[in-house]
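Below: the structure, in structure tokens.
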Amino acid sequence: MSATQTAIIADNRTKRQVERDTRRNEKTAQKRLTSKGATIGAVIIAIFWTIPTFGLFVTSFRPGADSNSTGWWTVFVNPSFTLDNYFQALTSGGTALTLGESFLNSLAIAIPATVIPIVIASLAAYGFAWIDFWGKNVIFVFVFALQIVPIQMALVPLLSLFSRGLTIGEVQVFPGLGLRDVDHSFATVWIAHAIFAMPLAIFMLHNFISEIPGEVVEAARVDGAGHGQIFFRIILPLAMPAIASFGIFQFLWVWNDLLVATIFAPSSSLPLTQTLNSLSGSWGDKWFLQSAGTFISIIVPLIVFFALQRFFVRGLLAGATKG
Amino acid sequence: MSQASVATSTSGRTIASRSVTVTAIVVGAIAMVAIFIALLFSAPAPEASPTSLGFSLRSFFVWIGGLNPLVQIPIILVVFGAVAGILLLLIEYAPRPGKGYFWLRLVASFAIPALAFMLLRPYQNAVLYVMAIALIAGGLLFFADYRARQGSGYLVQLVLFMAPAAILLLLGLVYPAISTVVQSFFDKSGKTFVGFENYVWAFTNPEGFWSVINTLIWALIAPAFSAAIGLAYAVFIDRARGEKVLKVLVFMPVAISFVGAGIIWKFMYDYRQGDQIGLLNAIVTFFGGEPVAWLDAQPLVNTFFLLIVFIWTQTGFAMVILSAAIKAVPTEQLEAAALDGANAWERFRNVTFPGIRSSMIVVLTTITIASLKVYDIVAVMTGGRANTTVLGFEMVNQQQRFQSYGHSSALAVVLFLFVLPLIIYNARQMRKQREIR
């Protein structure tokens, strides 16, 4: 018993010793590579990047009368806090729906609009990576290039496809989907997001899927698996890190999107960003409501961001350093 | 891959049968085009109603639209998952040898295109043409697949893998891009050809003019500042204590929407008489200045204040990528330079910077493209007032507020022309990298 104890103590002591040494080494390394000016610069940038968010965050908890007459920084002198702003913001609404309802809409838009493009793009990425066909490289570069076509360019024709269908000259071929008047119809928004995500998704997932060692795939082929099984049983599980990081990326992009929803969503299906934007006009100077509304809208991205930060960074790096 | 080498053994017969295959496919394709042209010249039937098999894409979407938003999520995921599952089963079983699988391929080739077209409810007058096109396409696919050099089933599974993405891209990006270019030469209604009139408007009308100027300012300034600040910060905090926390602070705005960022900064810029509640004007008045309405200050001042918001959101992105690149620069090189007596700036200039150049280019091009396309910040903060409009905003504005599709399309094309050099540069860059690999 005591022997193990001393062993543990000794172990702890060496561990501490090692830690101290590495810290000292790091410090000397730091001294050599950074300077006082750098520290000051970093602190200034960090403050500048945090203060705006922090100021609005504080305001969202201050009573309306206070925040409208004094600056948020005075809260440190005479603190008073309330949660009323949040309840009021959630239940106040524009013409069609409240902020709380559009929060649900945002969820109903963002989750399918993340899953659908991932599945479709991973199929295509597998095709590009593991099936040989004529013109493969040229087509792949073309798909990559589509990534940079401005979304704005595609909005109007796509919208008219959705609403009016396909009519060539005078001849009607297909009718439109006619979902404009359907309450809570998100179909056009899902499709639009899936389309706009496709080039980047194919590119990022292909980068990862094509790096999977060929022996793994060959071994499965020898065992009699077809492309369907290889894709589902081997490639998908192995590509999970890439799928996760793209998924976070896509989720945040859809959640934060304003443009696509403005164009495609019927008025009862508008997401949080759109409702918040129109409310902030009618709220005008009521900063206690604007601030609470803003934090309701950024709470989900912030949770996703802080919880899955590592995947998110990895996704950014995968998309960027290879492009 | 492995299949490709199998089929090229019997040389003479292969060539002969290849030419038969090619001829058949060409004939089939011509037939499809002919039917399509026949459809275009068929008598228009304005009163024709859509035909469907009793269920269609629309009826599904209408049904699901009637449900509670939260209930819709699992339903659409299950339905989509089922379709994807059927696709994978087909991919798995189609290429297998044997009579049953032959029939599977045959039925799938004909049934899937026909079913897909019927789900879109073609108009009565077009039904026969559309079905003929679908069946010929299916037949061609089956025939080409049957005679494929890589063995039958190869083409079917390739099409199944690629078709969903290809349809989305063609329908949602390629066709709209072409259509927008065409639209930009037509007037408001889209019926009368007006030549370059819309483009002249884009460069002479105040809204069009300012949107072009401002977009150029955005594209020049935003990437430079974001990358410079991001780089400086990444260098400053490299190997500093609490590096992770410091990183998160600057990176956080990347996750915040432009709408959220817009409101956060509108609060910073708030302007009123008496006591200021916006931090910026509070500082100005603290030093004895007069409060300023930042977002109304012209010319160009307000654009710069919008730019600050954008730079605020993009710097974190630049910082993370550049920080990763800096970490990849070998420490030995830095230490060697230090031993040679290089000071911090010289070490950065001559060792670190060359090591991160490629990442720097990625950061610059990415942010440039993002700044060319910016819409949300302008929409939220000024709504394009006081000459702050940009191309990405103005074209939506023209279309939504004035129903002016011609102007809107012309602005979109101008925007596309600005992005084009970057596309070409990136694509070439990527081809180079793929060749290396």
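Chains as they are written, first to last, in the numbering used here: chain A, 227 to 549; chain B, 732 to 1168. Think of the CB as a built atom: it goes at the ideal place given N, C-alpha and C, for glycine as much as any other residue.
Where residue i sits in the DSSP three-state scheme
i	result
residue 1060 of chain B	coil
residue 1136 of chain B	helix
residue 388 of chain A	helix
residue 924 of chain B	strand
residue 274 of chain A	helix
residue 172 of chain A	The structure shown does not extend to residue 172 of chain A, since chain A is modelled only from 227 to 549, so the question has no answer here.
residue 1007 of chain B	coil
residue 549 of chain A	Low per-residue confidence applies at residue 549 of chain A: pLDDT is 33, beneath 50, and the placement is therefore not dependable, though the value from the model is reported in the following sentence. Looking at residue 549 of chain A - three-state DSSP - the assignment turns out to be coil, as it is neither helix nor strand.
residue 1096 of chain B	helix
residue 917 of chain B	strand
residue 346 of chain A	helix
residue 1087 of chain B	coil
residue 987 of chain B	coil
residue 393 of chain A	strand
residue 929 of chain B	helix
residue 1024 of chain B	coil
residue 1156 of chain B	helix
residue 910 of chain B	helix
residue 411 of chain A	coil
residue 447 of chain A	helix
residue 493 of chain A	helix
residue 1019 of chain B	coil
Cut-off 8 Å between Cβ atoms - residues of its own chain near residue i, not counting five sequence neighbours on either side
i	result
residue 1090 of chain B	1052, 1053, 1055 and 1056
residue 1083 of chain B	966, 1057, 1060 and 1065
residue 932 of chain B	939, 1138 and 1141
residue 534 of chain A	470 and 474
residue 1100 of chain B	1150 and 1153
residue 752 of chain B	874, 875 and 878
residue 760 of chain B	871
Own chain, CB closer than 6 Å to residue i, minus 5 neighbours either side, in chain order
i	result
residue 440 of chain A	none
residue 733 of chain B	With a pLDDT of only 41 at residue 733 of chain B, under the threshold of 50, the placement of this residue in the model should not be trusted; the figure read from the coordinates follows. Contacts found: none.
residue 1161 of chain B	none
residue 1086 of chain B	1060
residue 311 of chain A	286, 514 and 518
residue 896 of chain B	none
residue 478 of chain A	527
residue 525 of chain A	none
C-beta contact flag for residue i and residue j at 9 Å
i	j	result
residue 423 of chain A	residue 476 of chain A	yes
residue 888 of chain B	residue 361 of chain A	no
residue 793 of chain B	residue 482 of chain A	no
residue 324 of chain A	residue 318 of chain A	yes
residue 488 of chain A	residue 328 of chain A	no
residue 956 of chain B	residue 1042 of chain B	yes
residue 371 of chain A	residue 1157 of chain B	yes
residue 405 of chain A	residue 414 of chain A	yes
residue 293 of chain A	residue 513 of chain A	yes
residue 1094 of chain B	residue 1110 of chain B	no
residue 282 of chain A	residue 998 of chain B	yes
residue 495 of chain A	residue 805 of chain B	no
Cut-off 7 Å between Cβ atoms - residues of its own chain near residue i, not counting five sequence neighbours on either side
i	result
residue 284 of chain A	298 and 301
residue 765 of chain B	none
Residue i - containing alpha helix (DSSP H), residue span
i	result
residue 438 of chain A	Here residue 438 of chain A belongs to no alpha helix (DSSP H), and DSSP marks it neither H nor E.
residue 530 of chain A	513-533
residue 1121 of chain B	Counting along the chain, residue 1121 of chain B falls outside any alpha helix (DSSP H), and DSSP gives it neither H nor E.
residue 471 of chain A	466-482
residue 954 of chain B	937-968
residue 503 of chain A	498-509
residue 1104 of chain B	Here residue 1104 of chain B belongs to no alpha helix (DSSP H), and DSSP marks it neither H nor E.
residue 488 of chain A	485-490
residue 982 of chain B	974-982
residue 406 of chain A	Residue 406 of chain A -> no alpha helix (DSSP H), and no H or E assigned at all.
residue 1075 of chain B	1075-1078
Cβ-heavy atom distance, residue i to the ligand SAM, below 8 Å
i	result
residue 352 of chain A	In the structure shown, the ligand SAM is absent, as is every other ligand, since no ligand is present at all.
Delimiting residues of the beta strand (DSSP E) encompassing residue i
i	result
residue 399 of chain A	397-400
3-residue-minimum beta strand (DSSP E) runs that sit fully inside the stretch 817-901 of chain B, ordered along the chain: When DSSP assignments are scanned along the stretch 817-901 of chain B, no uninterrupted stretch of beta strand (DSSP E) that is 3 or more residues long falls wholly within it.
Return the chain-ordered ranges of every beta strand (DSSP E) run that is complete within the stretch 744-812 of chain B and spans a minimum of 3 residues. none
Considering only residues of the stretch 293-375 of chain A, which uninterrupted alpha helix (DSSP H) runs meet the minimum length of 4 residues and lie entirely inside it, listed in chain order? 310-317, 325-356 and 362-372
Runs of 4 residues minimum, wholly inside the stretch 1032-1059 of chain B: which ones carry the alpha helix (DSSP H) assignment? 1032-1059
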